[in-house]
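This report refers to the structure that appears directly beneath it.
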Amino acid sequence: MNDPAALYQRVVLDHNRAPRNFRVVQPCTHHAEGLNPVCGDRITLYLDVRNARIEDIGFQGDACAIATASASLLTDVLRQRSAAEARALARAFEQQLAGHANEGDGLGPLQPLLRVREYPGRLKCVLLPWRALEAALNGDVAHTVSTETDADAG
Amino acid sequence: MSAPDPLLRAAPRLDVERVREDFPILRQQVHGKPLVYLDNGASAQKPQQVIEAVTRCYREYYSNIHRGIHMLSQTATAAFEEARGKVARFLNAPSEKEIIFTRGCTEAINLVAYSYVRPRLRAGDEILISAMEHHSNIVPWQILCEETGAKLVVVPISDAGEISLEDVESRITERTRIVGIMQVSNALGTINPVREIVRIAHARSVAVLVDGAQAVPRMAVDVQDIGADFYAFSSHKLYGPTGVGVLYGRLDLLKTMPPWQGGGDMIRSVSFERTEFAEPPARFEAGTPNIAGVIGLGAAVDYVTALDLRAIEAHEADLLRYATELVSEIPGVRIIGTAAEKAGVLSFVMEDAHPHDIGTILDADGVAIRSGHHCAQPVMQRFGIPATARASFGLYNTRVEVEQLAASIRKVRDLFA
């Protein structure tokens, strides 16, 4: 059943209303911008990575509740993790969103975001900060990341 | 002065419940709730009469047009050309030769850009549009400007979403080659004073293209009364099939214009030395057109004409008034586009919820609206917002549906505030 209360759980609404780590990180060793031009969602991730470890992480931007909560939760769970752990978590999260893995395995606080699976049109929102994370860790700052396909363009 | 006869002045009434029976798609549930379709500005649903006209064409007399001497080709050609006549009368165009069928409103605007404006455009010339235009009435001009060194000049809009005639007048110079203006804004609902804009432009001998995509489904349009040199609209927003658009162009202008696509059906004679082009409208209709689609558009024109555009206009004005009243009462809602003259489009933003979150929650209640920039990013920039939620009304919408819209927006408020 399509119940928006299941999508917009308390945790998600709370992270949207009061996003954690909503700031530019100083010093900043890695950053990347995610932009979905059709939605207008824009999220920039800032990381301070030293010895392959995320010492600090934050984000800025203007986006819908799903993308904002996703970015806020992302920064919360990745602080003080290694870059390899961050990539592994991003992969596990994406696989569970796609339904390719058991739900909830090792996701901890990210689990409420999996409800987006029932809203295919909103997958691009929840994924935007994660794709920006990937680009930031790869040092790919030249291009803005988007989770919209050309078919979404208007 | 004697009082006007109320019987003469009153717009005929629309029997909405009867009208709804003509639209099979409306008889369905979405997420277990009756569908409330309020995305007519993006595209309108099709009545049985249109669906049947398209089906009958394919079942009974389909063939290519303008070429065969066999019976089916003659029947299909007659039906196709009959649709041209219907559209000409619908717009009150002086001649059927002034009606060109295109793939859509966008292609109609591009036709004017490439065939009328481009040959006349030199570096330093100007093209005048408004700040509320749809991307389809911005981008073709930008491409021409890029190619030729001409300049795109933009008439600003007020906080209410209106343009002033003084601003139009002061921006028309001796370098202005065309004015492109939408009659009704898809993002704001504003009805622009196109008749007055044409008068101002013509006083300076500048031609005017009116984008009527949102106007033709909502009000009676008379291209002679407006005085437009070109008028463009699309079939799918007028309850007709997709893939068909119309360009009305003044015959004296069309005759001076070169073709913009070459191919079959647009020539008088072809040899490798020389090709003679056909007269308008055939000159601008290269290749096999969307035959069944055009015939479907003819049925859509018959449909709205029988209901009477004045009745549709009055009905949508009532829905807009009611929706504006109910929605503006909801705390945290801000309506974008508050022009004095407005058609059935209600754009809004909410303090705590992004338009996409609004769209998702309304969808769960079966209420279909549009969330996004509505292909009018400059309008969003003007109001300092990334997007809006937009309810746009059609002839089959009801006051009860407006109440469902408002109730669903209150749910968003309860969840997010």
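Sequence order for the protein chains is A and B. Numbered according to the numbering used here, the first sequence spans residues -9 to 144. Numbered according to the numbering used here, the second sequence spans residues -12 to 404. We treat Cβ as the ideally placed atom computed from N, Cα and C, and that holds for glycine.
- For the beta strand (DSSP E) assignment, the uninterrupted runs of no fewer than 3 residues enclosed by the stretch 244 to 318 of chain B are, from N- to C-terminal side, 254 to 257, 262 to 264.
- Shown here, N179 (chain B) sits in coil according to DSSP, grouped into three states, outside any helix or strand.
- Only exposed fits I12 (chain B), as fewer than 16 other CB atoms lie within 10 angstroms of its CB.
- Contact between L1 (chain B) and H302 (chain B) holds: their C-beta atoms lie close to 4 Å from each other, under 8 Å.
- Assigned with DSSP and collapsed to three states, A22 (chain A) falls in strand.
- In the same chain as A31 (chain B), and ignoring 5 residues on each side of it, the C-beta atoms closer than 8 Å to its own belong to P204, H223, K224, L225, Y226, G381, in chain order.
- Along the stretch 220 to 246 of chain B, there is no position whose C-beta sits under 8 Å from a C-beta of chain A.
- The closest CA to that of K84 (chain B), considering only B:V231, B:R90, B:G72, B:G91, is found on B:G72.
- F12 (chain A) and G48 (chain A) have their C-alpha atoms spaced approximately 6 Å apart.
- In this structure, V389 (chain B) places its C-beta atom within 8 Å of the C-beta atom of L313 (chain B).
- With a threshold of 8 Å between beta carbons, A351 (chain B) makes contact with chain A.
- For F403 (chain B), the enclosing alpha helix (DSSP H) starts and ends at 386 to 403.
- Straight-line measurement puts the Cα of E120 (chain B) at about 42 Å from the Cα of L100 (chain A).
- Taking 4 residues as the shortest admissible run, the stretch 65 to 131 of chain A contains the following complete alpha helix (DSSP H) segments, listed from N- to C-terminal end: 73 to 87, 113 to 127.
- With its beta carbon at least 8 Å from every one in chain A, P34 (chain B) lies outside the interface.
- Distance from P246 (chain B) to A219 (chain B) at the Cβ level is roughly 18 Å; contact not present, criterion being Cβ atoms closer than 8 Å.
- The stretch 103 to 116 of chain B makes contact with the stretch 133 to 148 of chain B, as at least three CB pairs between them are under 8 Å.
- Three or more Cβ pairs closer than 8 Å define a contact, and the stretch 242 to 256 of chain B falls short of that threshold against the stretch 287 to 306 of chain B.
- Residues of chain B with a Cβ closer than 8 Å to the Cβ of V28 (chain A) are, in chain order, G359, H360.
- Per DSSP, G72 (chain B) is one residue of the alpha helix (DSSP H) stretching across 58 to 78.
- Listed in chain order, the non-local C-beta contacts of I345 (chain B) below 8 Å within the same chain comprise M337, I356, S358, A376, I396, V399, local neighbours out to five positions each way being set aside.
- Taken through DSSP and simplified to helix, strand or coil, R43 (chain A) comes out as strand.
- If the five residues before and after E183 (chain B) are omitted, its C-beta is found closer than 6 Å to the C-beta atoms of L152, all from its own chain and listed in chain order.
- A residue is called buried once 16 or more other Cβ atoms fall within 10 Å of its Cβ, and P342 (chain B) is buried on that count.
- The straight-line gap separating the alpha-carbon atoms of C92 (chain B) and V233 (chain B) is approximately 6 Å.
- The beta carbon of Q(-1) (chain A) sits closer than 8 Å to those of P102, R105, all from its chain and outside the five residues before and after it, given in chain order.
- Y109, G111, R112, C115: these are the residues of the stretch 103 to 125 of chain A whose beta carbon lies less than 8 Å from some beta carbon of chain B, given in chain order.
- For P34 (chain B) and D9 (chain B), the gap between their C-alpha atoms comes out near 5 Å.
- About 24 Å separates the CB atoms of P119 (chain A) and A351 (chain B); that is not less than 8 Å, and the two are not in contact.
- Comparing alpha-carbon positions, the option among B:V208, B:T160, B:A279 lying closest to P180 (chain B) turns out to be B:V208.
- Three or more Cβ pairs closer than 8 Å define a contact, and the stretch 318 to 328 of chain B falls short of that threshold against the stretch 81 to 90 of chain A.
- Inclusion of P365 (chain B) and A118 (chain B) in the CB contact set at 8 Å is warranted, their separation being smaller than that value.
- One alpha carbon belongs to T139 (chain A), the other to L113 (chain A), and they sit about 12 Å apart.
- Interface annotation, P373 (chain B): in contact with chain A, CB-CB separation under 8 Å.
- Counting only Cβ-Cβ distances below 8 Å, D(-7) (chain A) has contacts in chain B at A351, in chain order.
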